[in-house]
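Novice: Once you've had a glance at the structure underneath, I'll fire off some questions.
Residue numbers (the working numbering): 8 to 152.
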């Protein structure tokens with residue numbers, strides 16, 4: 008989503024990969040479309056304008072990898088993302104967490120979302136991405152399921 012940095016970068020480095028960017032903000036979406044054109048990845052990156060909750064039902068495919076980099080509140084879309092993830096696919100989930108327990112809440116949110124779909128999530132990586140404040144971090148949980 009956003010202006011497309013992640014799907015464009017992936018497409019530039021992996022010509023065999025197709026990516027979809029879903030963005031609600033029309034201004035960010037327009038910049039994403041422009042960036043796709045400027046980076047010559049229009050054959051590999053699709054930009055969709057809309058609310059992911061509304062768009063998800065019209066997608067005719069499942070994904071082998073889903074990135075959820077929303078700065079705050081990505082957990083509110085796990086119920087949309089997990090059903091779009093093919094079996095054995097990888098979910099990259101970003102979350103804000105206190106220094107005392109950086110990964111616990113994020114892992115439980117991801118595992119619960121997979122359980123709701125009758126699936127099991129296996130956490131394959133935990134990454135401390137950046138410090139948000141003295142006691143809070145942006146973290147990433149990678150889960151396969």
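We put the beta carbon where it would ideally sit given N, CA and C, even for glycine.
(1) Which whole runs of the beta strand (DSSP E) in the segment 15-43 are 3 residues long or more, in chain order?
(2) Compare the beta carbon distance of residue 98 and residue 150 with 8 Å and say whether it is the shorter of the two.
(3) Under 8 Å by Cβ, that's how I've got residue 9 and residue 39 pegged, so tell me the actual separation to the nearest angstrom.
(4) Is the CB-CB distance between residue 11 and residue 59 below 8 Å?
(5) Tell me which same chain residues have a C-beta within less than 7 Å of the C-beta of residue 145, skipping the five on either side of it?
(6) Look at residue 1 and residue 92 and say whether their C-beta atoms are less than 8 Å apart.
(7) Would you check if the distance between the CB atom of residue 114 and the CB atom of residue 130 is smaller than 8 Å?
(8) Let me know the secondary structure DSSP gives residue 90 once reduced to three states.
(9) From residue 26 to residue 143, what distance separates their C-alpha atoms?
(10) Can you give me the start and stop residues for the alpha helix (DSSP H) that residue 122 sits inside?
Specialist: On the basis of the supplied data:
(1) 26-30
(2) The residue labelled residue 98 in the question sits at position 91 within the chain shown. The residue labelled residue 150 in the question sits at position 143 within the chain shown. Yes, the Cβ-Cβ distance between residue 98 and residue 150 is below 8 Å.
(3) Counting from one through the chain shown, the residue named residue 9 turns up at place 2. Counting from one through the chain shown, the residue named residue 39 turns up at place 32. Contact flag correct, Cβ pair sits at about 7 Å.
(4) Numbered from its first residue, the chain shown carries residue 11 at position 4. Numbered from its first residue, the chain shown carries residue 59 at position 52. No, they are not a contact pair.
(5) Taking the first residue of the chain shown as 1, we reach residue 145 at position 138. Hits under 7 Å: 101, 103, 136, 137, 139.
(6) Coverage of the chain is limited to positions 8 through 152, which leaves residue 1 absent and any answer about it impossible.
(7) As a working mapping, residue 114 is identified with position 107 in the chain shown. As a working mapping, residue 130 is identified with position 123 in the chain shown. Cβ atoms of residue 114 and residue 130: closer than 8 Å.
(8) In the chain shown, counting from the first residue as 1, residue 90 sits at position 83. Correct three-state label for residue 90: helix.
(9) By 1-based counting over the chain shown, the position of residue 26 is 19. By 1-based counting over the chain shown, the position of residue 143 is 136. For residue 26 and residue 143, the distance between alpha carbons rounds to 31 Å.
(10) Position 115 of the chain shown, counting from 1, holds the residue named residue 122. First-last of the alpha helix (DSSP H) with residue 122: 111-123.
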